[in-house]
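S.K.: Counting from 1, position 199 in the sequence shown corresponds to residue 199 in the UniProt record's numbering; the numbering is continuous, with no gaps.
Note that the Cβ used here is the ideal one computed from N, Cα and C, for glycine as well.
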Amino acid sequence: FPPSPDMGDFAFACFQCAKLLGMSPAECAKKMEEIAKIQLANGGEHIPSVIEKVCASGPYLNIYLNREKTSDATIHAISEEKNGYGMNSSLSGKTMMVEYLSPNTNKPLHMGHMRNGVIGTIIARLLQANGAKVIAANNINDRGIHIAKSMMAYRLWGNGETPDSTGEKGDHFVGRFYVMYSQEEARLKKEWLITKGIPLDGTNKEEAERQFEKECPLVQQCYQMLNQWEAHEPSVIELWRKMNQWVYDGFEQTNRRLGFFFDTVYYESNTYKLGKQIVLEKFAQGIGQKSEKGIEIDLTDVKLGQKPILLLRADGTSVYMTQDIGLAPTRFAETDFDKVIYVVGSEQNFHFKCLFEIFKRYGFSWQSRLYHLSYGMVILPSGKMKSREGTVVDADDIIDQLRSFACDVIKENKTDISVDELGERAETIALGALKYMLASASPSNDILFDPQKSVSFEGNTGPYLQYACVRIAAIEEKALNFTNRKNADDLHISDKEFEIVKKLSLYPDAVRRAADSYDTSVLTNCLYDIARSFSAFYAECPVVRDNCVNAFRLNLCQATRQVLSNGLQLLGIPIPDRM
Numbered sequence: 001f002p003p004s005p006d007m008g009d010f011a012f013a014c015f016q017c018a019k020l021l022g023m024s025p026a027e028c029a030k031k032m033e034e035i036a037k038i039q040l041a042n043g044g045e046h047i048p049s050v051i052e053k054v055c056a057s058g059p060y061l062n063i064y065l066n067r068e069k070t071s072d073a074t075i076h077a078i079s080e081e082k083n084g085y086g087m088n089s090s091l092s093g094k095t096m097m098v099e100y101l102s103p104n105t106n107k108p109l110h111m112g113h114m115r116n117g118v119i120g121t122i123i124a125r126l127l128q129a130n131g132a133k134v135i136a137a138n139n140i141n142d143r144g145i146h147i148a149k150s151m152m153a154y155r156l157w158g159n160g161e162t163p164d165s166t167g168e169k170g171d172h173f174v175g176r177f178y179v180m181y182s183q184e185e186a187r188l189k190k191e192w193l194i195t196k197g198i199p200l201d202g203t204n205k206e207e208a209e210r211q212f213e214k215e216c217p218l219v220q221q222c223y224q225m226l227n228q229w230e231a232h233e234p235s236v237i238e239l240w241r242k243m244n245q246w247v248y249d250g251f252e253q254t255n256r257r258l259g260f261f262f263d264t265v266y267y268e269s270n271t272y273k274l275g276k277q278i279v280l281e282k283f284a285q286g287i288g289q290k291s292e293k294g295i296e297i298d299l300t301d302v303k304l305g306q307k308p309i310l311l312l313r314a315d316g317t318s319v320y321m322t323q324d325i326g327l328a329p330t331r332f333a334e335t336d337f338d339k340v341i342y343v344v345g346s347e348q349n350f351h352f353k354c355l356f357e358i359f360k361r362y363g364f365s366w367q368s369r370l371y372h373l374s375y376g377m378v379i380l381p382s383g384k385m386k387s388r389e390g391t392v393v394d395a396d397d398i399i400d401q402l403r404s405f406a407c408d409v410i411k412e413n414k415t416d417i418s419v420d421e422l423g424e425r426a427e428t429i430a431l432g433a434l435k436y437m438l439a440s441a442s443p444s445n446d447i448l449f450d451p452q453k454s455v456s457f458e459g460n461t462g463p464y465l466q467y468a469c470v471r472i473a474a475i476e477e478k479a480l481n482f483t484n485r486k487n488a489d490d491l492h493i494s495d496k497e498f499e500i501v502k503k504l505s506l507y508p509d510a511v512r513r514a515a516d517s518y519d520t521s522v523l524t525n526c527l528y529d530i531a532r533s534f535s536a537f538y539a540e541c542p543v544v545r546d547n548c549v550n551a552f553r554l555n556l557c558q559a560t561r562q563v564l565s566n567g568l569q570l571l572g573i574p575i576p577d578r579m
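1. I need the DSSP call for residue 551, collapsed to helix, strand or coil.
2. I believe residue 101 touches residue 260 by the beta-carbon criterion, under 8 Å. Please report the beta-carbon distance rounded to the nearest angstrom.
3. At which residues does the alpha helix (DSSP H) containing residue 497 begin and terminate?
4. What separation, rounded to the nearest whole angstrom, lies between the Cα atoms of residue 108 and residue 562?
5. Are the CB atoms of residue 460 and residue 376 within a distance shorter than 8 Å?
6. Could you check what DSSP says for residue 394 in three-state terms: helix, strand or coil?
7. Can you tell me which residues form a DSSP beta bridge with residue 55?
8. Quick one, are the C-beta atoms of residue 148 and residue 91 less than 8 Å apart?
9. Give the straight-line distance between the Cα atoms of residue 438 and residue 119, rounded to the nearest whole angstrom.
10. When you compare the stretch 547 to 565 with the stretch 66 to 82, are there three or more beta-carbon pairs, one atom per stretch, that lie closer than 8 Å?
11. Nearest to residue 246 by CA position, among 62, 532, 299 and 163, is which residue?
12. For the alpha helix (DSSP H) containing residue 256, list its first residue and its last residue.
13. Straight-line CA distance for residue 210 to residue 293?
14. Using CA coordinates, which residue listed in 99, 154, 207 and 29 is at the minimum distance from residue 182?
15. In the structure shown, what three-state DSSP assignment does residue 221 receive?
16. Specify the secondary structure class of residue 169 as computed by DSSP and reduced to three states.
17. Tell whether a beta-carbon distance below 8 Å holds between residue 324 and residue 369.
18. Give the range of the beta strand (DSSP E) segment to which residue 370 is assigned.
19. Can you give the beta carbon distance from residue 440 to residue 521, rounded, assuming they're within the 8 Å contact cut?
20. Determine the extent of the beta strand (DSSP E) in which residue 97 is found, giving its start and end residues.
21. Whose C-alpha, out of 229, 273 and 479, is nearest the C-alpha of residue 145?
22. Does DSSP put residue 190 in a helix, in a strand, or in coil?
23. Is residue 497 near residue 449, with beta carbons less than 8 Å apart?
24. Can you list, in chain order, the residues of its chain with a C-beta nearer than 6 Å to that of residue 515? Leave out the 5 residues immediately preceding and following it.
25. Since residue 318 sits in a beta bridge, which residues does DSSP pair it with?
26. Could you name the residues of the same chain whose beta carbon sits closer than 8 Å to that of residue 469, not counting the 5 residues immediately before and after it, in chain order?
27. Put residue 561 into one of helix, strand or coil per three-state DSSP.
28. Comparing alpha-carbon positions, which option in 455, 478 and 18 lies nearest residue 467?
29. For residue 36 versus residue 59, is the C-beta distance shorter than 8 Å?
30. What is the rounded straight-line gap between the Cα of residue 250 and the Cα of residue 170?
31. Could you tell me the distance, in whole angstroms, from the CA atom of residue 317 to the CA atom of residue 121?
32. Would a C-beta distance cut-off of 8 Å place residue 61 and residue 14 closer than the cut-off?
33. Could you check where the alpha helix (DSSP H) with residue 38 kicks off and where it finishes?
34. Considering residue 476, what are the terminal residues of the alpha helix (DSSP H) in which it resides?
35. Count the C-beta pairs between the stretch 264 to 282 and the stretch 183 to 199 that are closer than 8 Å, then say yes if the count reaches three, no if not.
36. Among 187, 206 and 113, which one has its Cα closest to the Cα of residue 99?
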């Protein structure tokens, strides 16, 4: 956008075009101006009717729109398409899978899971809005040594407790035992290192770790339990099912609260053997090598690591990589996906580079259709949030804390509100604050998440957009009380009014670009621009004056609320009736 309306409504930079044509950017802009003026003088067959004039300004071609035509076309399109405004068919015929969340069943969902889930659900909706058939998938890591550790802790120290007997949410209950195990193992390791005379910060940390695991009875009990699980030992399977169900019950409550949805759910316990089978088959074909650790594959020739990657332990048990190797071929055997998107944190960048290279070497033709949507960390200001473990913030805790902050903000503005209404409204605002903040940064960037700032009704926040919708609804309701109308045909469209029209007209492009780039911030930036432009418009342009309703401005309000509502729906953010 040019810095001033006097310089046009849009500006086209001619640098790249000039390079292709072998002329300077200024010459290119001037040439394009000449061609456009001839077209406009002859009826503008190849130029959109909303363009009124063009003007070269240095290396830029400034484009001026006809305000009446542009406003009529934009508001009419929004009025006609309503909830469908912004949707398109650019991905029609494509079938895509978005895998997100993928939790372990040994602890509750945490802050990282929330960013994962928010990105995953928004990307799924965006792809659908662009015409794709989308399958949202959850890949639950329900087996492995980390699960065996929480099971062992419960067997040793559970004393028959259950979530019902302690009044805890199931995932928090199981997570408490995983923490107990981790603390005990850390204590034993420290004692072992001191006994062996090994420095706590020794350089040969990996070798010391392996030796400790071999000599520590508690760790060996966990590996024995893992082997018993794989051998389907009845008592171990019974305990595993019971503890996992406790966790699933807890996950379901959190997912329902956050609006996370899935069309299909995979369980590692059902797919890990497929990975073992593929690794063994490919090893028999000469892909991979054996070592004392197990079956490995050397990817150092493509600069992935400095040593071979372990695919299967020597005792035959699976590793993290094994499960992913087994699941992807299963998916493509079921459905010929055009794209499978893994929403996983940036700490797994190396893992996915290795996984995709392994699939390439295994000869899977669909390897090029896999995509790792990596996202950064969520950093919380110190002292703002506390967690049970002291290190990881649980999802339930942060939503509750945001809800509490939202209650405080609501009570500052409204004292005569019932407890039930306060709770419902605070929950809606808290969810809007959380989801918007997690979506408003490009996925590749880390986020500094300030819970208290996120619930503010001002600035680039979810509640600011929610408030804009509520405010516009109140304006529309007020306008119903007046019968006098000033027709839109009689009006001169001001800069502030036309600024909103332009922002509304760009919304469909934002929906397309957000889907194409898998970047949620493209959508949030667009919505924030619309809300901010509306605030500037409403401060100077009253809808009702002298008991007379300005019809154009009312139509503009309705169009703005429709677009904001459409965008918030894609973000999964609810809109309250009142703030």
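M.R.: According to the data block:
1. helix
2. 6 Å
3. 495 to 505
4. 37 Å
5. no
6. strand
7. 62
8. no
9. 8 Å
10. yes
11. 163
12. 234 to 258
13. 11 Å
14. 154
15. helix
16. coil
17. no
18. 370 to 375
19. 6 Å
20. 95 to 99
21. 229
22. helix
23. no
24. 126, 127 and 130
25. 312
26. 561, 564, 565, 568 and 575
27. helix
28. 455
29. no
30. 5 Å
31. 33 Å
32. yes
33. 25 to 41
34. 462 to 479
35. no
36. 113
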